[in-house]
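Data first, discussion second: the structure below is written as structure tokens.
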């Protein structure tokens with residue numbers, strides 16, 4: 001049966017720094033906990049309980065420290081091999097782990113979300129299905145209480161208080177009518193202004209939402225968002241059937257008028273949801289097969305492929321129940337749909353305007369199958385190099401991004417993979433580009449100027465105050481799959 005991860009954690013008293021189950025936000029079916037992850041969970045609890053006792057802490061208090069994160073990484077290494085750079089001593093001393101943090105990383109998260117409650121979009125019949133979706137991520141006895149946990153204030157806390165993120169792009173989800181949208185473009189831009197005014201510096205950029213399948217009349221809306229809202233980039237969902245049908249990036253009749261207009265208006269970054277086919281989406285339109293022609297025909301646009309086109313149903317099926325065929329070449333660690341995009345780019349080395357965004361994909365793979373994650377990153381580095389991979393986390397749907405940040409900081413390319421496949425090292429320089437320097441270049445952010453402003457702005461001061469007594473949620477949100485026959489009764493809300 002499906003259960004909410006946070007309910008499961010609360011019932012069992014297990015809130016490990018790195019999830020030991022794959023939680024779904026309903027963009028894919030959550031697989032059962034694998035035998036490997038069962039071993040990881042058992043081992044991290046064993047290490048945690050032993051070291052917590054030595055430090056005079058309870059389990060939860062221990063897992064909120066750097067030592068707790070080190071324990072989780074050690075457990076992953078014991079089960080999956082030496083994929084993370086961590087030492088046993090770091091799990092025994094909370095200060096030891098934090099002392100190895102790079103202090104100057106510019107972490108720019110290009111995929112973040114929250115919801116707005118002021119428009120009461122969730123009260124009408126059209127808004128109730130979306131509200132139920134969000135209530136599953138943050139369970140409560142009533143819908144408004146759930147949505148409050150995904151509001152702007154929680155966004156600021158989990159992103160800028162509980163993580164090392166310094167800049168972000170606020171993104172949205174598609175709807176046909178803005179008054180039925182949980183965060184329409186005007187509210188996304190309002191969040192940009194709110195956070196930047198609060199900080200006294202530029203911390204947040206904003207997507208606009210583009211819907212070419214509503215027809216050419218949508219060109220007026222495109223122009224409104226650019227001229228009035230001054231959006232920084234576009235977010236779009238080719239698989240969302242908002243008009244009569246889904247659409248494709250390379251459709252000369254439907255999409256190309258929008259590419260022409262946005263170039264004239266000076267917005268060049270086009271962020272498109274690919275992979276993770278929601279059950280309500282057109283699955284074919286979520287594949288990356290329309291990227292090649294569009295990228296060739298529009299070389300002055302940057303096509304940023306969100307989720308790296310990862311199908312998200314790697315383990316056993318899609319949101320429609322369809323089974324995933326076995327990889328054509330298991331030894332090469334085929335990553336469904338991501339590998340298709342990589343093959344396309346390898347065949348077309350002249351295409352330089354396609355970028356990979358890691359939101360949700362890195363989170364799933366780095367915690368459940370680190371070697372597959374290394375295969376994915378290794379192949380990306382081989383095909384497009386370190387300059388065309390962008391950091392995104394899909395937060396705050398799944399909670400604070402800090403766990404993902406720590407995993408990427410400590411992830412290392414194994415000697416076996418380097419020797420067998422020729423993958424390059426994940427050097428500090430490569431990680432710095434992925435963490436934020438690549439996005440800064442694309443979005444014309446002066447990193448030196450931003451660092452200087454951020455180090456002394458009001459949001460940094462608020463974080464320093466908060467860190468004296470932090471209260472991270474220390475859980476993962478969304479749905480997991482558990483064996484009901486082996487699990488005690490767990491309340492799931494209404």
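In UniProt numbering, the protein residues as written are 1 to 494.
The C-beta atom is built at its ideal place from N, Cα and C for all residues, glycine as well.
Below 8 Å between beta carbons: does that hold for residue 232 and residue 206? yes
According to DSSP, is residue 328 part of a helix, a strand, or is it coil? Caution applies to residue 328, whose pLDDT of 47 falls short of 50 and renders its modelled position unreliable; the value that the coordinates give is listed next. Three-state DSSP puts residue 328 in coil, outside helix and strand.
At what residues does the beta strand (DSSP E) containing residue 161 begin and finish? Per DSSP, residue 161 belongs to no beta strand (DSSP E) and is neither H nor E.
What residues are listed by DSSP as bridge partners for residue 247? None, per the DSSP bridge assignment.
Can you list, in chain order, the residues of its chain whose CB lies under 6 Å from that of residue 237, leaving out five sequence neighbours each side? 174 and 273
With a CB to CB cut of under 7 Å and the five nearest residues on each side skipped, what residues in its chain are close to residue 346? If we look at residue 346 and ignore the five residues flanking it on each side, its Cβ neighbours are 383.
Reducing DSSP to helix, strand and coil, say where residue 253 ends up. coil
Do you know whose CA, among 250, 365, 302 and 91, lies nearest residue 21's CA? 365
Would you say residue 348 and residue 292 are within 8 Å of each other, going by their C-beta atoms? yes
I'd like to check one pair, residue 372 with residue 396: are the Cβ atoms closer than 8 Å? no
Nearest candidate by alpha-carbon position, reference residue 430, set 453, 380 and 422: 380
Between the CA atoms of residue 391 and residue 201 - distance to the nearest angstrom: 21 Å
Which residues does DSSP list as the beta-bridge partners of residue 40? BP columns for residue 40 are empty, so no partner.
Segment contact flag, the stretch 260–278 with the stretch 301–315, C-beta cutoff 8 Å, min 3 pairs: yes
Alpha carbon to alpha carbon, how far is residue 164 from residue 43? Give it in angstroms, no decimals. Roughly 27 Å separates the two Cα atoms.
Helix, strand or coil at residue 538 according to DSSP, with G and I counted as helix: Residue 538 is absent from the model: the chain starts at 1 and stops at 494.
I think residue 258 touches residue 212, with their Cβ atoms under 8 Å apart; what is that distance to the nearest whole Å? 5 Å
Straight-line CA distance for residue 59 to residue 458? 33 Å
Nearest candidate by alpha-carbon position, reference residue 497, set 360, 362, 308 and 312: Outside the modelled stretch of the chain, which goes from 1 to 494, sits residue 497, for which no answer is possible.
Answer with buried or exposed for residue 369, where buried requires no fewer than 16 other C-beta atoms within 10 angstroms of its C-beta. buried
Assuming residue 112 is part of the beta strand (DSSP E), what are its boundary residues? 108–112
For residue 326, I'd like the list of residues in its chain whose CB is within less than 6 Å of its CB, leaving aside the five on either flank, ordered along the chain. Note that residue 326 has pLDDT 42, beneath the 50 cutoff, so the model's placement of it is unreliable and no number is given.
Helix or strand or just coil, what does DSSP make of residue 272? Of the three classes helix, strand and coil, the one that applies to residue 272 here is strand, per DSSP.
Quick check on DSSP: helix, strand or coil for residue 355? strand
According to the neighbour-count rule (16 or more other Cβ atoms, all chains shown, within 10 Å of its Cβ), is residue 433 buried or exposed? Buried.
Thinking residue 167 and residue 436 are a contact (beta carbons under 8 Å), I'd like their distance in whole angstroms, please. The C-beta separation of residue 167 from residue 436 comes to about 7 Å, placing the pair in contact by the 8 Å criterion.
Determine the direct distance from the alpha carbon of residue 351 to that of residue 295, and round the result to whole angstroms. One Cα belongs to residue 295, the other to residue 351, and the distance between them is close to 7 Å.
Provide the residue(s) that pair with residue 207 in DSSP beta bridges, ordered along the chain. 233
Assigned secondary structure, residue 423 (DSSP; H/G/I helix, E/B strand, else coil): coil
Host beta strand (DSSP E) of residue 306 (start-end): 302–306
If you follow the beta strand (DSSP E) that residue 168 is part of, which residue opens it and which one closes it? 167–170
Would you list the residues sitting across from residue 389 in a DSSP beta bridge? 356
With distances taken between CB atoms, is the gap from residue 414 to residue 376 smaller than 8 Å? no
Using a Cβ-Cβ cutoff of less than 7 Å, which residues in the same chain neighbour residue 359 once the five nearest sequence positions on both sides are dropped? 111, 306, 307, 392, 393 and 394
Residues near residue 18 in its chain [Cβ-Cβ closer than 6 Å; skip 5 each side]: 72, 367 and 403
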